[in-house]
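Taking my numbering, the leading residue of the sequence shown gets 6, the next gets one more, and so forth.
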Amino acid sequence: MRLTVFLALVTVGLARPAAVAAQQSPHGTLPEGVDCGDCHTAKSWKPDPATMKFDHTRQTRFPLEGRHRGVACRSCHLDLTFADPVLRGADCATCHADVHRGAYAERCAECHTTVRFTDMSTRNIHARTTFPLTGAHLQIACRACHVDDRLGTFTPLDPQCLACHQTDFANAQSVSHANFPTDCLRCHSTIAWTANVRFDHPTVSGGFRLLGAHMRIRCSSCHGPDLEPLFQPANDQDCFACHEPDYTRVHPGGRFPTTCLSCHTVDTWGGATFDHAAGSGGFRLLGAHLRIPCESCHSPTDWSVPFTPSSDQDCIACHSADYDREHAGSGFPTTCLTCHSIDTWGGADFRDHDAQFFPIYSGSHQGRWRECQDCHVQPDNFQVFSCTTCHTQGDTDPRHREVRNYRYDSNACYQCHPNGRGGD
């Protein structure tokens, strides 16, 4: 009996400290509705922030977002009672040191995120300042401009272009900016110094527009160091005033008009379209004339013409040597286009023999003579033939003596023999 009572007392004595120990929590008094299973599991006492049921947002009014979701409780809380730190709303400075040292009154979340401190929209931040970031300014590091700032204080800077770009202004290569206004954005943009330059040349120059190739050349091509013009053109169509050396080199003798845009364009000297008819008094360049060099007809020194054709149909005026070589003493007409074409000397088509000389394509003559040499036995003398050149019946022919008003000369035979056949 005594042994039984003793064992019972011992068992009770051993059991009471264990029960007391089970009720002691290292977290102190837990909030109402929170128990150990909200954070711990039977598998491990170490809480898993990704799976625990503890509602940090409802219980503490501080939502765990971004990087805060993956950190251990001890990373923020000083001990397991979770009494500290005492959060003051969205005041990040409770845990994080203010690298800006009080320079900005805005909340940290206005610029930063809970993912990382450097994950921020510089464009949106600067948009709230007197210097919104545009163009190339969006691609440079903050310290490229805030060179004297330390630990992110970023004190306001002078927003004028010259405050940062004084050296660029002083060392401009295209033209000296010594007399230019310092309001750079009147001409330049924030994209690049040399892109989208908006200099109002017509207004400043009294109406001279920069057209074609003039838009791509340096200012110093036309202006001196003091921006004074090197030339005095009457307007932006007066090419000769600036390009007289080019004109003299290409058009020696000055026979071409100085209204350069009649042939050239503002984009390039090449590809000129000269209106030959207008410049020559009506002589059109037709056929093969379109493909030959100007020097074939004009003197290369003064562009004078050694020929005097009456029109673009007057071939003999220029091609008399060709005519004499091919048709010397032949009696051929000098209206070359009767047989030849404006495209080539070859392939001449002399088909109007009847109207010009002799009706070999009619009557008994048709088909008898197919080559010029059948009648014209001298290749260098295509003289005009008459009927009596071949027919020798003469005055003794009684048939002719009976014909009233008979004339035995030239081609009068055709008055009685219109078809070229005897007995007509």
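Where is the CB? At the ideal position from N, CA and C, for every residue including glycine.
If you run the structure through DSSP and keep just helix, strand and coil, what is residue i?
i    : result
P207 : helix
P250 : helix
H332 : helix
H281 : helix
N129 : helix
H151 : coil
C189 : helix
L14  : Any reading at L14 must be qualified, since the residue scores a pLDDT of 38, below 50, and its modelled position is unreliable; no value is offered.
R106 : coil
A98  : helix
R66  : coil
R121 : coil
R79  : helix
H422 : coil
C344 : coil
Q171 : helix
So which of the options has the shortest CA-CA distance to residue i?
i    : options                : result
A108 : C166, G258, D154       : D154
L232 : L167, N184, A132       : N184
R106 : D205, T160, F312, D354 : T160
L162 : T62, Q171, F136        : F136
T273 : C244, H151, L167       : C244
D205 : L291, F312, L190       : L190
T139 : C247, C166, Q29        : C166
A246 : K48, C265, A197, H324  : C265
G33  : T134, R214, T86, Q420  : T86
T62  : P52, K51, R74          : R74
A177 : W350, T199, P305       : T199
F213 : S225, P257, P234       : P234
T56  : A353, L143, G42        : G42
T123 : H142, C147, A141       : C147
A218 : D103, F337, H101, D241 : D241
D132 : P164, R121, D103       : Per the sequence shown, the amino acid found at residue 132 is Ala instead of Asp. Checking every option, the nearest Cα to that of A132 belongs to P164.
S339 : C302, C323, C150       : Reading the sequence as shown, one finds Thr at residue 339 and not Ser. Selected option, being the one with the closest Cα: C323.
A114 : C97, T127, R128, V104  : C97
A239 : P257, P207, R221       : P207
V310 : T349, G258, H332, H269 : G258
I347 : L295, P314, S301       : L295
M220 : E249, H170, H248, V271 : V271
H182 : H256, P230, T349       : P230
L143 : T134, C150, V152, R128 : R128
C150 : C169, C224, D103       : C169
Our contact map puts residue i next to residue j with C-beta atoms below 8 Å; I'd like the distance itself, whole angstroms only.
i    : j    : result
N201 : S194 : 5 Å
Q64  : P36  : 6 Å
L291 : D317 : 6 Å
D280 : S267 : 7 Å
R439 : D307 : No information on residue 439 is available, as it lies outside the stretch 6 to 429 that the chain covers here.
F67  : L92  : 5 Å
G284 : P305 : That belief does not hold up - the Cβ atoms of G284 and P305 are roughly 17 Å apart, past 8 Å.
P52  : C81  : Contact flag wrong, Cβ pair sits at about 13 Å.
V120 : G71  : 5 Å
A197 : A277 : That pair is no contact at about 35 Å.
Does the Cβ of residue i have 16 or more other Cβ atoms within 10 Å, making it buried, or fewer, making it exposed?
i    : result
C44  : buried
V180 : buried
F312 : exposed
F59  : buried
F236 : exposed
C299 : exposed
H345 : buried
C341 : buried
C421 : exposed
C320 : buried
C418 : buried
H101 : exposed
Do residue i and the ligand MN come close, with the Cβ less than 8 Å from some heavy atom?
i    : result
H170 : Ligands in the displayed structure: none, and consequently the ligand MN is not present.
*Taking the runs of the alpha helix (DSSP H) that are 4 residues or longer, which of them lie wholly in the segment 283-330?*
none
*Scan the segment 213-264 and note each continuous alpha helix (DSSP H) run of 4 residues or more that stays entirely inside, going in chain order.*
245-255
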